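K.L.:
In the working numbering, the protein residues as written are 1 to 406.
1) Which stretch, first to last residue, makes up the alpha helix (DSSP H) that contains residue 71?
2) Got a sec? Which residues, its chain only, sit under 6 angstroms from residue 268 by beta carbon, not counting five neighbours each side?
3) Would you mind reading off the limits of the alpha helix (DSSP H) that contains residue 351?
4) By a C-beta neighbour count over all protein chains shown, 10 Å radius and 16 as the cutoff for buried, is residue 43 buried or exposed?
5) Give the single residue among 155, 107, 99 and 171 whose Cα lies nearest to the Cα of residue 146.
6) According to DSSP, is residue 177 helix, strand or coil?
7) Decide yes or no for the touch test of the segment 317 to 328 against the segment 336 to 354: beta carbon pairs closer than 8 angstroms, at least 3 of them.
8) From residue 75 to residue 212, what distance separates their C-alpha atoms?
9) Do residue 333 and residue 282 have their C-beta atoms within less than 7 angstroms of each other?
10) On the CB-based measure, 16 or more other CB atoms within 10 Å of its CB, does residue 183 come out buried or exposed?
11) In chain order, which alpha helix (DSSP H) runs of at least 4 residues are fully inside the segment 133 to 192?
12) According to DSSP, is residue 228 part of a helix, a strand, or is it coil?
13) Look at the alpha carbon of residue 67 and the alpha carbon of residue 382, and state the distance between them as a whole number of angstroms.
14) Output yes or no for whether 7 angstroms exceeds the beta carbon distance between residue 61 and residue 72.
15) Given a threshold of 16 other Cβ atoms within 10 Å of its Cβ, counted over all protein chains shown, does residue 389 qualify as buried or as exposed?
16) Reducing DSSP to helix, strand and coil, say where residue 251 ends up.
17) In chain order, what residues of the same chain have a beta carbon less than 6 angstroms from the beta carbon of residue 353, not counting five sequence neighbours either side?
18) In the DSSP assignment, what are the bridge partners of residue 380?
19) What residue does the beta strand (DSSP E) around residue 305 start on, and which one ends it?
20) Run through DSSP, which three-state label would residue 58 get?
21) So residue 191 and residue 208 are in contact, right, with Cβ under 8 angstroms, and what is the actual spacing, rounded?
22) Note down the Cα distance separating residue 93 from residue 396, rounded to an integer number of angstroms.
23) Would you kindly check if the distance between the Cβ of residue 241 and the Cβ of residue 278 is under 7 angstroms?
24) So which of 214, 258 and 201 has the shortest CA-CA distance to residue 230?
25) Express the C-alpha separation of residue 316 and residue 393 in angstroms, rounding to a whole number.
26) Going by CA-CA distance only, name the one from 155, 165, 181 and 90 that's closest to residue 356.
27) Just curious, the beta strand (DSSP E) that residue 205 is in, first and last residue?
28) Starting from residue 336, trace the beta strand (DSSP E) both ways and give me its first and last residue.
29) Kindly indicate the opening and closing residues of the beta strand (DSSP E) around residue 326.
30) Determine whether the beta carbon atoms of residue 135 and residue 106 lie at a separation below 7 angstroms.
31) Quick check: the Cα distance between residue 171 and residue 163, rounded to an integer number of angstroms?
Here's what the structure looks like:
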């Protein structure tokens, strides 16, 4: 027990030493600004980076669970150390007060095994493959007819993820949970109508799209998606939201017709925010479509090792969670935050059930630089194919994280 505690305290000490050194390096270049290129053009950047230290079953090289020492060593190498998790560059062109254009490039860290931003703990695969190089996240035209109606056309934000990120405000810590688990994608090729009515008592974002997400944004004509979000701002500070998605022939696969529903409530105050939500997801896999993916242990020779967008995964899935943050009175730049989420992807088995708890503190050094120290605890129930039983993998990630922008 003493040795375990000593090792844990040693890891904590190392992280705080790195934290202090990193802050000294990062505070220097905080004078930054959006670049006005002239003639209506502007350029901005958003970068997420971190230093993490992990412990638990997935990085244990002497585990009695279904994971080899080699896999545990590989996972530790992927999870520990410094990472640039995302780098965005956005170029906008304002033609006039109504018409504008936007293009945003993205870069996601792809590690040697093909895993991405949240893995191995975020379940590798949700981010797609082949994205170590820069790629296009958004490219669209936008026309504002009035405060009640704005149209976007192109590869554009889907109705839920971007709004959830804006409400949470701490996206650089981790992706939103439904994005992380492959429930929804953040961008798609299509046309959106966005606006508010009755003095913004009701706001909306409706979209008709290709349905494949920006990972697979080619137009194949075999399926489409309709999705939308309605917000009711019924009381001062209180927002109630409902989201729905219906898609046909996803990835060109007959009978793969995903549906999603989210019900959400948020209360906003000057110094705090708190929200809760409930999610339903079903991939309606039937007939000759691929079998629904059941997440398996790292040692399994077959099955799905993590959330993937390549095949049907959700069989009447249910998930729920909540998050909150509060600014400290008198030190408003300092925030304490926490979030809890869980999902059970398949109604017939506990395999794949994932629970996540994340908490920490953040500090706004400037508008251009936010830093945070957080702790994430994950519990994943995974199927051991060789025996048919379910194992629980528990892991912990301590992180120093930063958001840089100009």
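Note that the Cβ used here is the ideal one computed from N, Cα and C, for glycine as well. None of these values were measured; they are calculated from a predicted model.
P.N.:
Short version:
1) Taking the chain shown and counting its residues from 1, one reaches residue 71 at position 71. Secondary structure note for residue 71: its alpha helix (DSSP H) is the uninterrupted segment 69 to 79.
2) Here residue 268 is taken as the residue at index 268 of the chain shown, counted from 1. Short of 6 angstroms from the beta carbon of residue 268, and not among the five residues preceding or following it, lie these beta carbons of its own chain, in chain order: 237.
3) Sequence index remark: in the chain shown, residue 351 carries index 351 (1-based). According to the DSSP assignment, residue 351 belongs to no alpha helix (DSSP H), since it is labelled neither H nor E.
4) Taking the first residue of the chain shown as 1, we reach residue 43 at position 43. It counts as exposed.
5) The residue given as residue 146 occupies position 146 in the chain shown. Minimum Cα distance to residue 146 is reached at 99.
6) Taking the first residue of the chain shown as position 1, residue 177 is located at position 177. Looking at residue 177 - three-state DSSP - the assignment turns out to be helix.
7) Contact holds: three or more Cβ-Cβ distances are below 8 angstroms.
8) Within the chain shown, numbered from 1, the residue matching residue 75 stands at position 75. Within the chain shown, numbered from 1, the residue matching residue 212 stands at position 212. Approximately 30 angstroms between the Cα atoms of the pair.
9) As a first step, residue 333 must be located in the chain shown, where it is residue number 333. As a first step, residue 282 must be located in the chain shown, where it is residue number 282. No, these two residues do not count as a Cβ contact at 7 angstroms.
10) Position 183 of the chain shown, counted from the first residue, corresponds to residue 183. The residue is buried, with at least 16 neighbouring Cβ atoms inside 10 Å.
11) Correct list: 161 to 168 and 177 to 180.
12) Your numbering for residue 228 matches position 228 in the chain shown. The DSSP-derived three-state label of residue 228 is strand.
13) Taking the first residue of the chain shown as position 1, residue 67 is located at position 67. Taking the first residue of the chain shown as position 1, residue 382 is located at position 382. One C-alpha to the other measures close to 11 angstroms.
14) The residue given as residue 61 occupies position 61 in the chain shown. The residue given as residue 72 occupies position 72 in the chain shown. Contact flag set, yes.
15) Locating residue 389 in the chain shown gives position 389, counting from the first residue. The residue is exposed, with fewer than 16 neighbouring Cβ atoms inside 10 Å.
16) As a first step, residue 251 is located in the chain shown; it is residue number 251 there, counting from the start. Here residue 251 sits in helix by DSSP.
17) As a position in the chain shown, residue 353 is number 353, starting the count at 1. Cβ contact annotation for residue 353 (same chain, cutoff 6 angstroms, sequence separation greater than five): 344 and 381, in chain order.
18) One-based indexing of the chain shown puts residue 380 at position 380. Beta-bridge pairing by DSSP links residue 380 to 354 and 393.
19) By one-based count along the chain shown, residue 305 stands at place 305. DSSP places residue 305 in no beta strand (DSSP E); its state is neither H nor E.
20) For the purposes of this step, residue 58 is identified with residue 58 of the chain shown, where counting begins at 1. If DSSP states are grouped into helix, strand and coil, residue 58 belongs with the helices.
21) By 1-based counting over the chain shown, the position of residue 191 is 191. By 1-based counting over the chain shown, the position of residue 208 is 208. The Cβ separation is near 6 angstroms, so the contact holds.
22) Locating residue 93 in the chain shown gives position 93, where the first residue counts as 1. Locating residue 396 in the chain shown gives position 396, where the first residue counts as 1. Cα-Cα distance, rounded: 43 angstroms.
23) Working through the chain shown from its first residue, we reach residue 278 at position 278. Working through the chain shown from its first residue, we reach residue 241 at position 241. For the 7 angstroms CB-CB criterion, residue 278 and residue 241 do not form a contact.
24) Walking along the chain shown from the start, residue 230 turns up at place 230. Minimum Cα distance to residue 230 is reached at 201.
25) If you number the chain shown from 1, residue 393 lands on position 393. If you number the chain shown from 1, residue 316 lands on position 316. Their Cα atoms are separated by approximately 23 angstroms.
26) As a first step, residue 356 is located in the chain shown; it is residue number 356 there, counting from the start. In terms of CA proximity to residue 356, 181 leads the group 155, 165, 181 and 90.
27) Residue 205 sits at position 205 when you count from the first residue of the chain shown. Start and end: 202 to 209.
28) Counted from its first residue, the chain shown places residue 336 at position 336. Where residue 336 is concerned, the enclosing beta strand (DSSP E) starts and stops at 331 to 344.
29) The residue labelled residue 326 in the question sits at position 326 within the chain shown. Here the beta strand (DSSP E) through residue 326 covers 317 to 328.
30) As a position in the chain shown, residue 135 is number 135, starting the count at 1. As a position in the chain shown, residue 106 is number 106, starting the count at 1. Result yes, Cβ atoms of residue 135 and residue 106 sit closer than 7 angstroms.
31) Taking the chain shown and counting its residues from 1, the one referred to as residue 171 is at position 171. Taking the chain shown and counting its residues from 1, the one referred to as residue 163 is at position 163. Spanning the alpha carbons of residue 171 and residue 163 requires a straight line of approximately 11 angstroms.
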